[in-house]
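Residue numbers (the UniProt record's numbering): 1 to 466. Backbone N, C-alpha and C fix where the C-beta goes; we use that ideal spot for every residue, glycine too. Here's the structure we're looking at; comments come further down.
Have a look at this one:
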């Protein structure tokens, strides 16, 4: 993948005749911008396969007095204020793709009336699936919204979008802007959101030292090995999923370990899963992918910018450390790596002569909400039953969601390469956590090689050779 050039912004109003985008340069374009390395990686998969990888859907139930005209106004106002929502993509020159920032973009919501119909649930599911099958033509659009009326004061809303434009953090930011914009329009108040733009992040990327980043990842991954299973398995892909509920007891163990080790809850989860992976899939130091925010960087108001910052970075799980050393290393490594997390995963892995597929499993710590409550007492509706449909481009993908005193782990995996039993896997993860708590200063490798975990039920993990 090519990296962004330093001369990275071409203003449509500058009078330049540069047609780097491969598109006809017109006054409709505000600017022609490079892609971030992570965007480049996603666009590469899009160009190569044209499938639903990185296509996402947010689905929710709206209950209350929803004014569809104000809703459409609100969406278009958000588009006006956030340049990433006015972006389309040109890859007619594959070695130098560009994102085209439009001066203006208006969308019409797709309205569907299902009120009075008995098979609403089935119709909704069919629509959602068909809408995903339409995919997204990134040269024309990056997202679309449909609203289905179910009855008096009840609506189902579906937003289908490509991950290339935004991450979960951005969605959180847009949720806040949505409520304030809708409320201001409803009350005829002066509306003045302060917005910060994605182009400032692209400018930051263009100033980074790519060689220094590659040197960091090359050194970090020098001991990493490829997983032991890959060459023997089928090339077929069929994603299925299971859900594991981490009950109050193992959740308390996780919190106890975090407190004792002075690390975060998420670090303990990463370590436990890393030990499971090391035990089952690697001969030596394992590599797992971890989704990071990508926002621990020196960009002004980075936490308020809508766009794609999130990235998957490799985390090394060595077996020659004690449990406490492993916990400290994981947390420290993620902090150090944040300075160089702007490189795409493929480029990071290539620094150590590894393939992207060598990092075949990824863990994500979910920050999605299931219900949104407006910060106004007289707001006319609530948004609830929110769920997200996404197709992650990995053979094995964990989505971890922390609740009050429990935790749930949704595991999506290629059934032609893996098999998991939810109960057995939960038992083994609990066993690892119990051992870790009681033997915090003992060796990870001793735990794996000497059978010290024999008192715990092994996960029903099998390799499929279909």
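{"Asked": "Do residue 309 and residue 183 have their C-beta atoms closer together than 8 Å?", "Found": "no"}
{"Asked": "My parser needs the alpha helix (DSSP H) runs of 4 or more residues fully inside the segment 163-205; what are they?", "Found": "168-186"}
{"Asked": "Please tell me whether residue 100 and residue 32 are closer than 8 Å, where the distance is taken between their beta carbons.", "Found": "yes"}
{"Asked": "Helix, strand or coil for residue 31? Go by DSSP, reduced to three states.", "Found": "strand"}
{"Asked": "Let me make sure I understand the geometry here. Which of 154, 145, 274, 243 has the alpha-carbon closest to that of residue 412?", "Found": "243"}
{"Asked": "Residue 64: which of 424, 415, 384 sits nearest, CA to CA?", "Found": "384"}
{"Asked": "Would you kindly report the start and end of the unbroken alpha helix (DSSP H) that includes residue 241?", "Found": "Premise fails: residue 241 lies in the beta strand (DSSP E), 239-246, not in any alpha helix (DSSP H)."}
{"Asked": "Considering only the beta carbon of each residue, do residue 166 and residue 307 sit closer than 8 Å?", "Found": "yes"}
{"Asked": "Taking residue 381 as part of the beta strand (DSSP E), name the residues at either end of that continuous run.", "Found": "381-390"}
{"Asked": "Nearest to residue 448 by alpha carbon, out of 216, 279, 220, 249?", "Found": "279"}
{"Asked": "Which partner residues does residue 160 have in the DSSP bridge list?", "Found": "57, 144"}
{"Asked": "Excluding sequence positions up to five away, which residues of its chain have a Cβ less than 7 Å from the Cβ of residue 358?", "Found": "226, 227, 287, 349"}
{"Asked": "List the DSSP bridge partners of residue 82.", "Found": "Residue 82 is not bridged to any residue."}
{"Asked": "Which residue or residues does DSSP assign as beta-bridge partners of residue 471?", "Found": "In the structure as shown, the chain starts at 1 and stops at 466, and residue 471 therefore has no counterpart that could be examined."}
{"Asked": "Rounded to whole angstroms, how far is the Cβ of residue 313 from the Cβ of residue 289, which I believe are closer than 8 Å?", "Found": "7 Å"}
{"Asked": "Give me whichever residues DSSP pairs with residue 398 in a beta bridge.", "Found": "363, 411"}
{"Asked": "Which whole-angstrom value describes the C-beta separation of residue 428 and residue 276, a residue pair presumed to lie in contact below a C-beta threshold of 8 Å?", "Found": "7 Å"}
{"Asked": "I'd like to know if the segment 73-83 and the segment 289-303 are in contact, where contact means that at least 3 CB-CB pairs between them fall below 8 Å.", "Found": "no"}
{"Asked": "Can you tell which of 362, 430, 381 has its C-alpha closest to the C-alpha of residue 400?", "Found": "362"}
{"Asked": "Cβ atoms of residue 163 and residue 56: under 8 Å apart, would you say?", "Found": "yes"}
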